[in-house]
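This report refers to the structure that appears directly beneath it.
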Amino acid sequence: MKKISIGRVILAGFVASLVFLFVEIVLEGSVQLIFGVSETELMREARMTLPSGTLYYVVTIVYLYMVCTLIMWVYAAIRPRFRSRLHAGLVTGMIFWLFVVLFLVNYSNIGLYPLKLGLLGMGFNLVEIPAAVIVGSLVYKE
Numbered sequence: 272m273k274k275i276s277i278g279r280v281i282l283a284g285f286v287a288s289l290v291f292l293f294v295e296i297v298l299e300g301s302v303q304l305i306f307g308v309s310e311t312e313l314m315r316e317a318r319m320t321l322p323s324g325t326l327y328y329v330v331t332i333v334y335l336y337m338v339c340t341l342i343m344w345v346y347a348a349i350r351p352r353f354r355s356r357l358h359a360g361l362v363t364g365m366i367f368w369l370f371v372v373l374f375l376v377n378y379s380n381i382g383l384y385p386l387k388l389g390l391l392g393m394g395f396n397l398v399e400i401p402a403a404v405i406v407g408s409l410v411y412k413e
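Under this note's numbering, the residues of the sequence shown are numbered 272 to 413, in order.
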C-alpha cells in the first residue's frame with residue numbers, strides 16, 4: 272500500500288472546500304428562488320441569532336477547509352480499497368454525510384436546532400459533500 276501524499280491531501284482539501292462553498296451558494300440560491308425560503312428566514316423564525324462579522328466568516332472558512340482536508344485524508348486512506356475514484360469518493364462522502372445527519376438529528380431532538388433547518392441542512396449536505404469529495408479526488412494523486 273502506498274503512502275498518503277499529505278501535500279496532495281491539503282491541496283485536494285482546498286479544492287474540495289471551494290467546491291463545497293460554490294455548491295452551497297448555488298443550492299441556497301436555487302431553494303430561495305424555487306421555494307421562496309432561505310436558511311436566514313428559517314433561523315429568524317426559530318428566533319436564532321444570526322452570526323455576522325469578519326471573525327465569523329474567517330472561522331467558518333477555516334473550519335470548512337479543515338473539515339474538507341480531513342474528508343480528503345479519509346478518501347486517501349480508503350482509496351486503495353476501491354477500484355475507482357468515483358466509488359471511493361461516494362463512499363467517503365456518504366460516511367461524512369451520515370455524521371452530519373447524526374449531529375443534526377441529535378441537535379433537533381434536544382431542541383438546539385429547528386427540524387426545518389436540520390432537514391434543509393441534510394438535503395444540502397447530501398449534494399455538497401459528495402460533490403466536494405469527487406472533485407477533490409480528481410486533484411489527489413498517490
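All residues carry an ideal CB built from backbone N, CA and C; glycine is no exception.
Near Leu273, which residues of its chain fall below 8 Å by C-beta distance, leaving aside the five closest residues on each side in sequence? The question names Leu, yet the displayed sequence has Lys at residue 273. Excluding sequence neighbours, Lys273 sits near Pro351, Glu413.
Report, in whole angstroms, the separation of the C-beta atoms of Ala253 and Val406, which I expect to be a contact under 8 Å. No answer is possible for residue 253: the residues shown for the chain start at 272 and end at 413.
Give the C-beta separation of Thr363 and Ile342 to the nearest angstrom, bearing in mind that I take them to be a contact with Cβ-Cβ under 8 Å. 6 Å
Measuring CA to CA, which of Ala348, Gly300, Thr311 is closest to Arg279? Ala348
Runs of alpha helix (DSSP H) lying entirely within the segment 285-348, each at least 4 residues, in chain order: 310-316
Three-way DSSP call (helix, strand, coil) for Glu413 in this model: coil
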